[in-house]
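>
Numbering (this note's numbering), first residue to last: 723 to 1425.
1) Looking only at C-alpha atoms, which of 891, 1284 and 1201 sits nearest to residue 1411?
2) Once DSSP output is grouped into helix, strand and coil, what is the label at residue 1201?
3) Could you say if the segment 1317 to 1330 and the segment 1276 to 1290 meet the contact criterion of at least three C-beta pairs nearer than 8 Å?
4) How big is the Cα-Cα spacing for residue 1166 and residue 804?
5) Which class does residue 880 belong to by DSSP, given the choice of helix, strand or coil?
6) Among 822, 817, 834 and 881, which has the Cα closest to the Cα of residue 843?
7) Among residues of its own chain, excluding the 5 on either side of residue 1157, which ones have a beta-carbon nearer than 6 Å to its beta-carbon?
8) Determine the burial state of residue 951: buried for a count of at least 16 other Cβ atoms within 10 Å of its Cβ, exposed for fewer.
9) Counting C-beta neighbours from all protein chains within 10 Å, is the total for residue 1122 16 or more, i.e. buried, or is it exposed?
10) Who pairs with residue 729 in a beta bridge, going by DSSP?
11) Three or more C-beta pairs closer than 8 Å, one from the segment 966 to 974 and one from the segment 739 to 750: is that the case here?
12) For the segment 1331 to 1386, which segments carrying the alpha helix (DSSP H) assignment without a break, of at least 4 residues, lie completely within its bounds, in sequence order?
13) When burial is assigned at 16 or more other CB atoms within 10 Å of the CB, is residue 780 buried or exposed?
14) Below 8 Å, how does it come out for the segment 1299 to 1315 and the segment 1265 to 1274: are there three or more Cβ pairs, yes or no?
15) At 4 residues or longer, and completely inside the segment 1031 to 1108: list those alpha helix (DSSP H) runs for me, N to C.
16) Rank 786, 1129 and 869 by C-alpha distance to the C-alpha of residue 760 and give the top, closest one.
17) Give the single residue among 1238, 845, 873 and 798 whose Cα lies nearest to the Cα of residue 833.
18) CA-CA distance, residue 821 and residue 788?
19) With DSSP as the reference, please indicate the residues paired to residue 1011 in a beta bridge.
20) Output the residue ranges of the beta strand (DSSP E) runs that lie fully inside the segment 1208 to 1245 and measure 3 residues or longer, sorted by chain position.
21) Compute the distance between the beta-carbons of residue 1116 and residue 1079, then report whether it is under 8 Å.
22) Quick one: any contact between the segment 891 to 900 and the segment 929 to 944, if contact means 3 or more CB pairs under 8 Å?
23) Within the chosen definition, does the segment 1021 to 1033 reach the segment 995 to 1008 through at least 3 CB pairs nearer than 8 Å?
24) Can you tell me whether residue 857 is helix, strand or coil according to DSSP?
25) How would you call residue 824, buried or exposed, if buried means at least 16 neighbouring beta carbons within 10 angstroms?
26) Can you have a look at residue 1163 and say buried or exposed, based on whether 16 or more other CB atoms are within 10 angstroms of its CB?
27) Between the Cα of residue 741 and those of 1050, 980 and 1009, spot the shortest distance and give me the residue it belongs to.
28) What is the DSSP secondary structure of residue 1175, counted as helix, strand or coil?
29) Less than 8 Å between the C-beta atoms of residue 854 and residue 877, yes or no?
30) Starting from residue 1142, trace the beta strand (DSSP E) both ways and give me its first and last residue.
31) Please name the residue, chosen from 817, 890, 1257 and 1010, that lies closest to residue 936 on a Cα-to-Cα basis.
32) What residues in its chain sit with their C-beta under 8 Å from that of residue 1171, if we drop five residues either side in the sequence?
33) Check whether the segment 1206 to 1223 touches the segment 1275 to 1283, taking contact to mean three or more Cβ pairs, one atom from each stretch, closer than 8 Å.
34) With DSSP collapsed to three states, give me the class of residue 1416.
35) My understanding is that residue 1402 touches residue 1224, with C-beta atoms under 8 Å, so please give their C-beta distance in whole angstroms.
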């Protein structure tokens, strides 16, 4: 049987490291010993000849990497798909390999120009002939895989490489006889590892360590039960022997300098065909269109990076650059993914960036009924903060109650179809829910370079600001607050007890008193410590004037809770004169509604604290209706909750001394959010000063 197995090799007559096209070549230019390379190649050649037939292709001067014949093409039966090399340094090899295949009776398929595919270096048949493992990410494009499935009539499974040391599939992945697999999992993304684990049984998977991986243990030649490779660890050798393989080690250190070893130096040309199996490929492609300030706002770069980072591939089909600085650009991009699951994830994120289908490709949204109240169908589309439309019966319908992390429910009403975001718990059996990602588009404001300039504050910057810019930010926030108040708009504050601890309570109270705040959202603690300061001059037992803990202060907050509970609630305590100042006092006196959402750690709690989480979320959402700005003041959990409930277009300012909190809020995706890393008490003090300046006679006269 082994005598029927054939390999193609190329003598290293012109081999050297003449350039750098992979990490292994770095620092090795012209540092390979010709004599040692020839000696090592001949030993490999002899080892293979003892178990199979070896054919030779003539080496050509000027093409030093022809010795790596694995990249000549991919062979199945008497059909070959010729390689399309990514780098110009190897593209000259193609006609010589094409000539050899043609002269030896193979049917040769040639991929379209500019579609890289590097042969059996990136495509390895399962040794049982059941399917083809095809790699992509560095040298071969995902879009080549459908051609392989069609021309070779084989099932293709796409694996994404993520470590540039393992730039070809055969550097980290080696299918072996009887369904075994030798591989290095960290070289692949999580989706690819899941796919491998689904197809190869645990007892058949032989995982190599990093030291063995970088010695190219996976770059091995397998002939039945024989594995020929560069030197490997005793542990790995024992694993292979224990499952019935004979290991032949032959040093190939000179070729490692160019990023290759045993498998790279050979091409198996007798791959059997299983007539009962036929071609199949899971790669999906879709053309999307993007419009806006694609270059100066970095939108196109973000979109393309997003595609690659999520395991996809792209081809820019058309790019129309705006003629003037203020002009918008447009791009048509072909997006490919190794499966529908990956495509769905990529497209959902591209939709967030404003990507849409081309008009001729627009399709209605997919709808599935809710069969169990409070449970969405599988694969439901998860809503975002951006204004969204769904296509139903050829018409785009605006989605109401836009928010993050909901489902889009479609229901029949007397006025026609209604599309709205609903939390999962609110879904009813009368609803139909949008699934998948087709027939969905978001409406985003065009972003310009200035709106993305990290050196300038703007409500369209979605950045995190440092201390040195606090005054500039405060000035802008003050102007916005004044503008919203004077226009009769609505501003919400979500605040934590740190506001009180840092001395910001008096300033927040003034904002409420002067009409800048229309609703307050927080937890039990903000109210307790605010009223503790009002009643006892302390916050969490610390004297607010002297900054020192007072005797028995640790009981103060419990006494406050007890006092309020005696009166019945906060409003009654205020009206009875028990609470004479502070944030909660001003809310009651100025008819500013507040919602206090409870948690498991709350003492008391206050009678006003909503301990039913579901009801608290609903009350938060109700108060956020129509809000134009949210000030998030040192309260991570409540602020995140508010952020998820708030659609795009609402200006947000997150203030916290912890940069991680600020970054998390700014990263929610809204370009109208701004993070400020500073002491919240200082921020509120400066804000009041700026508002006082804006209302001074001099400023009014300037206005």
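Idealized CB from N, CA, C, for every residue including glycine.
In terms of the structure at hand:
1) Here the question's residue 1411 lines up with position 689 in the chain shown. When each option's Cα is compared against that of residue 1411, the closest is 1201.
2) Working through the chain shown from its first residue, we reach residue 1201 at position 479. Three-state result, residue 1201: helix.
3) Yes, the segment 1317 to 1330 is in contact with the segment 1276 to 1290.
4) Position 444 of the chain shown holds residue 1166. Position 82 of the chain shown holds residue 804. Going by the C-alpha atoms only, they are around 44 Å apart.
5) Start at 1 with the first residue of the chain shown, and residue 880 comes out as number 158. The three-state secondary structure of residue 880, taken from DSSP, is strand.
6) Here the question's residue 843 lines up with position 121 in the chain shown. Answer by Cα proximity: 881.
7) As a first step, residue 1157 is located in the chain shown; it is residue number 435 there, counting from the start. So the qualifying residues of the chain are 1088, 1090, 1099, 1101 and 1102.
8) As a first step, residue 951 must be located in the chain shown, where it is residue number 229. Buried, by the Cβ-count rule.
9) Translated into positions along the chain shown, residue 1122 becomes position 400. So residue 1122 counts as exposed.
10) Residue 729 sits at position 7 when you count from the first residue of the chain shown. DSSP output for residue 729 lists 776 and 990 as bridge partner(s).
11) Too few Cβ pairs lie closer than 8 Å, so no.
12) Fully enclosed alpha helix (DSSP H) runs of 4 or longer: 1335 to 1345 and 1358 to 1367.
13) Counting from one through the chain shown, the residue named residue 780 turns up at place 58. Residue environment: residue 780 is assigned as exposed (fewer than 16 neighbouring CB atoms within 10 Å of its CB, all protein chains considered).
14) No, because fewer than three Cβ pairs between the segment 1299 to 1315 and the segment 1265 to 1274 fall closer than 8 Å, the two stretches do not touch.
15) Given a length threshold of 4 residues, each whole run of the alpha helix (DSSP H) inside the segment 1031 to 1108 is given here in chain order: 1062 to 1074.
16) To locate residue 760, count along the chain shown from 1; it is residue 38. Of the listed residues, the one whose Cα sits closest to residue 760 is 786.
17) The residue labelled residue 833 in the question sits at position 111 within the chain shown. Measuring C-alpha to C-alpha distances from residue 833 to each of 1238, 845, 873 and 798 identifies 873 as the nearest.
18) Residue 821 sits at position 99 when you count from the first residue of the chain shown. Residue 788 sits at position 66 when you count from the first residue of the chain shown. When rounded, the distance between both Cα atoms is 14 Å.
19) Start at 1 with the first residue of the chain shown, and residue 1011 comes out as number 289. Beta-bridge analysis with DSSP links residue 1011 to 1054 and 1078.
20) You should have 1213 to 1217 and 1241 to 1245.
21) Position 394 of the chain shown, counted from the first residue, corresponds to residue 1116. Position 357 of the chain shown, counted from the first residue, corresponds to residue 1079. The answer is no: Cβ separation not under 8 Å.
22) Here the segment 891 to 900 lies against the segment 929 to 944, with 3 or more beta-carbon pairs under 8 Å apart.
23) In this structure the segment 1021 to 1033 does not touch the segment 995 to 1008; the number of beta carbon pairs closer than 8 Å is below three.
24) Here the question's residue 857 lines up with position 135 in the chain shown. It is a strand residue.
25) Position 102 of the chain shown holds residue 824. By the beta-carbon neighbour count (other beta carbons within 10 angstroms, threshold 16), residue 824 is exposed.
26) Residue 1163 sits at position 441 when you count from the first residue of the chain shown. Of the residues assessed, residue 1163 falls on the buried side of the cut-off, its CB having 16 or more other CB atoms within 10 angstroms.
27) Walking along the chain shown from the start, residue 741 turns up at place 19. The shortest C-alpha separation from residue 741 is found at 980.
28) Position 453 of the chain shown, counted from the first residue, corresponds to residue 1175. Its pLDDT being 40, under 50, residue 1175 is placed unreliably by the model, and nothing is read from it.
29) Counting from 1 along the chain shown, the entry for residue 854 is found at position 132. Counting from 1 along the chain shown, the entry for residue 877 is found at position 155. It is a contact, given that the beta carbons lie within the stated cut-off.
30) The sequence position of residue 1142 within the chain shown is 420, counting from 1. Where residue 1142 is concerned, the enclosing beta strand (DSSP E) stretches over 1138 to 1144.
31) Taking the chain shown and counting its residues from 1, one reaches residue 936 at position 214. Ranking 817, 890, 1257 and 1010 by Cα distance to residue 936 puts 890 first.
32) Numbered from 1 along the chain shown, position 449 holds the residue referred to as residue 1171. Residue placement at residue 1171 cannot be trusted, given a pLDDT of 44 that sits under 50; the coordinates are not used to answer.
33) The segment 1206 to 1223 is not in contact with the segment 1275 to 1283.
34) Your numbering for residue 1416 matches position 694 in the chain shown. Looking at residue 1416 - three-state DSSP - the assignment turns out to be helix.
35) Position 680 of the chain shown holds residue 1402. Position 502 of the chain shown holds residue 1224. The Cβ separation is near 6 Å, so the contact holds.
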